[in-house]
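Here the sequence shown stands for residues 0 to 176, numbered as in numbering that gives the first Met the number 0.
Here a beta-carbon is modelled for each residue, glycine too, at the ideal position from N, C-alpha and C.
All of these numbers come straight from a predicted model, not from anything done at the bench.
This report concerns only the one structure given below.
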Amino acid sequence: MDDIVVGPLDLAARVDDALAVQALAFGLTDDEVGVRRHIVLRHLGCRGARALGATTGSGRLVGFVYGMPNDRAHWWSTVVEPYLRATGSEGWLDDAFVITELHVHPAYQNRRIGRSLITTITASAREPRSILSAIDTESPARALYRKLGYQDLARPVHFPSAPRPYAVMGAPLPLLG
């Protein structure tokens with residue numbers, strides 16, 4: 000990972016830096032960034048929420064991950080629950096650490112930064128499993144998740160206002176190397 004350091008991130012203080020990375024990695028508009036800013040800050044108030052960042056030697060944020068123990072009352076859980084129930088996977092919503100967001104700046108992808116972020120944040124999880132949602136297409140992100148032990152639990156999952164379907168994936172913890 001060259002001079003990239005993965006460590007704790009004060010996401011509230013660096014939310015704009017993080018969302019700039021997400022906007023590039025995920026193709027977000029300025030309006031979408033504004034909406035997500037409020038969501039990220041709200042999530043940080045949730046029980047057990049934590050974040051890690053990947054920074055260069057000069058302190059530039061080039062990747063981040065955040066997540067929290069799942070709560071069935073959270074919006075994400077209420078959307079994915081019927082899809083998981085339909086596949087007999089509803090139990091994955093209990094005792095799971097949710098990877099809420101994981102993004103790496105495009106210029107820094109393919110350097111094992113995403114792998115380091117997700118394996119590091121889940122290594123300290125108290126829950127026996129992890130769940131996440133990813134755009135339901137074959138992508139480097141989905142390939143990474145599979146290598147780490149994540150399997151499809153439900154697909155296609157349609158989130159309100161999301162133009163593309165998602166897959167919900169789950170893996171036992173600790174993740175595979």
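- Simplified DSSP assignment, three categories, for Ile98: As a working mapping, residue 98 is identified with position 99 in the sequence shown. In this structure, Ile98 counts as strand in the three-state DSSP scheme.
- Going by the beta-carbon positions, is the gap between Ile98 and Gly62 smaller than 8 angstroms? Walking along the sequence shown from the start, residue 98 turns up at place 99. Walking along the sequence shown from the start, residue 62 turns up at place 63. Not in contact: Ile98 and Gly62 (Cβ atoms no closer than 8 angstroms).
- Take Arg163 and list the residues in its own chain whose beta-carbon comes closer than 8 angstroms to its own, dropping the five residues that flank it on each side. Start at 1 with the first residue of the sequence shown, and residue 163 comes out as number 164. Contacts found: Ile134, Asp135, Thr136.
- Query: Below 8 angstroms, can you find three or more Cβ-Cβ pairs linking the stretch 7-27 to the stretch 75-94?
  - Reply: no
- Message: Run through the DSSP bridge pairs and tell me what Ser132 is partnered with.
- Response: The sequence position of residue 132 within the sequence shown is 133, counting from 1. DSSP lists Val167 as partners of Ser132.
- Nearest neighbour of Ala50, chosen from Arg36, Ile120, Asp2 [CA to CA]: Position 51 of the sequence shown, counting from 1, holds the residue named residue 50. Of the listed residues, the one whose Cα sits closest to Ala50 is Ile120.
- Task: Give me whichever residues DSSP pairs with Gly6 in a beta bridge.
- Result: Stepping through the sequence shown from its first residue, residue 6 is reached at position 7. Per DSSP, Gly52.
- Does the separation of the CB atoms of Ile117 and Val64 fall below 8 angstroms? Along the sequence shown, one-based indexing puts residue 117 at 118. Along the sequence shown, one-based indexing puts residue 64 at 65. Yes, these two residues count as a Cβ contact at 8 angstroms.
- Message: If the criterion is Cβ atoms closer than 8 angstroms, does the pair Tyr165 and Ser132 meet it?
- Response: The residue given as residue 165 occupies position 166 in the sequence shown. The residue given as residue 132 occupies position 133 in the sequence shown. Yes. Within cutoff.
- Item | Pair within 8 angstroms by beta-carbon distance, Ala153 and Leu83 | Taking the first residue of the sequence shown as position 1, residue 153 is located at position 154. Taking the first residue of the sequence shown as position 1, residue 83 is located at position 84. Yes.
- Could you work out which residue in Asp2, Ala24, Gly33 is closest to Leu101 when comparing CA atoms only? Position 102 of the sequence shown, counted from the start, is the residue given in the question as residue 101. Closest by alpha carbon: Ala24.
- Message: DSSP has Gly62 in a bridge; who is on the other side?
- Response: As a first step, residue 62 is located in the sequence shown; it is residue number 63 there, counting from the start. Per DSSP, Ala53, Val103.
- Message: By the DSSP assignment, the alpha helix (DSSP H) with Leu40 in it spans what residues?
- Response: For the purposes of this step, residue 40 is identified with residue 41 of the sequence shown, where counting begins at 1. Leu40 -> alpha helix (DSSP H) spans 29-42.
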